[in-house]
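These notes concern the structure reproduced below.
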Amino acid sequence: RGKMIEVPVGEEVLGRIFNVVGESIDNLESLKPSLTWSIHRKAPSFEQQSTKTEMFETGIKVIDLLAPYSKGGKVGLFGGAGVGKTVIIMELIHNVAYKHNGYSVFAGVGERTREGNDLYFEMKEGGVLDKVVLCYGQMNEPPGARNR
Numbered sequence: 004r005g006k007m008i009e010v011p012v013g014e015e016v017l018g019r020i021f022n023v024v025g026e027s028i029d030n031l032e033s034l035k036p037s038l039t040w041s042i043h044r045k046a047p048s049f050e051q052q053s054t055k056t057e058m059f060e061t062g063i064k065v066i067d068l069l070a071p072y073s074k075g076g077k078v079g080l081f082g083g084a085g086v087g088k089t090v091i092i093m094e095l096i097h098n099v100a101y102k103h104n105g106y107s108v109f110a111g112v113g114e115r116t117r118e119g120n121d122l123y124f125e126m127k128e129g130g131v132l133d134k135v136v137l138c139y140g141q142m143n144e145p146p147g148a149r150n151r
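Start counting the sequence shown at 4; every next residue gets the next number (our numbering).
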């Protein structure tokens, strides 16, 4: 029986693009990760988790006022083509990187190759590529690959 899927983690993955099984797909130099984690890793115990709910200040006033995000949570954006999802994502990643000194993981589920490529170059131009990891499950892949 094969082993569970493990993905590379750590600072060396920043600015890179991966598929859902942790293989780099950005045509850059081969990555030899010093650390990998299983995608089925156990969640932190209750003792390790915070019980207080804090609002995450995105720096985007309309989001902070009408639909605030919880600190430490996951956020998903849904919408049709051309409604500004990428613009919001870029602003969020920029604010996480420079106002909160943090990192982001962008998971593009059902992304077209062109859209993923455009986002990569927009992040590079915006100076946030060293603060983000991109993971794509493309439209031409089986649904199971896009699910995890």
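Every residue gets a Cβ at the ideal spot worked out from N, C-alpha and C, and that includes glycine.
Next item on the list: Determine the direct distance from the alpha carbon of PHE81 to that of THR61, and round the result to whole angstroms.
Entry: Those two C-alpha atoms are separated by around 18 Å.
Next item on the list: Work out the CA separation of GLY5 and GLN86 for me, nearest whole Å.
Entry: The sequence given here has Val at residue 86, not Gln. Note on geometry: alpha-carbon atoms of VAL86 and GLY5 lie some 42 Å from one another.
Item checked: Rounded C-alpha distance that separates ILE66 from HIS97 -> Each residue's Cα considered, the two are about 15 Å apart.
Checklist line | Residues near GLY129 in its chain [Cβ-Cβ closer than 7 Å; skip 5 each side] | finding: Non-local beta-carbon contacts of GLY129 in its own chain, meaning distances under 7 Å to residues more than five positions away in sequence, involve MET93 and HIS97 in chain order.
Notebook entry, point to check: Does the distance from the CB of VAL136 to the CB of VAL16 come in under 8 Å?
Noted result: Yes. Within cutoff.
Check: Can you tell me whether DSSP reads MET7 as helix, strand or coil?
Finding: Coil at MET7, not helix or strand.
Next item on the list: Alpha carbon to alpha carbon, how far is VAL12 from SER37? Give it in angstroms, no decimals.
Entry: Rounded to the nearest angstrom, the two C-alpha atoms are 8 Å apart.
Note to self: With DSSP as the reference, identify every bridge partner of ALA110, one or two as the case may be.
What the structure shows: Paired residues: CYS138.
Next item on the list: Taking the CB atoms as reference points, tell me whether LYS74 and PHE59 lie closer together than 8 Å.
Entry: Yes, they are a contact pair.
Next item on the list: Let me know the secondary structure DSSP gives THR39 once reduced to three states.
Entry: If DSSP states are grouped into helix, strand and coil, THR39 belongs with the strands.
Next item on the list: Please classify LEU122: is it buried, with 16 or more other beta-carbons within 10 angstroms of its beta-carbon, or exposed?
Entry: Classification of LEU122: buried, given that the 10 Å Cβ count is 16 or more.
Checklist line | C-beta contact flag for ALA106 and LYS134 at 8 Å | finding: A small fix is needed here, since residue 106 is Tyr in this sequence, not Ala. Cβ distance < 8 Å, so TYR106 and LYS134 count as in contact.
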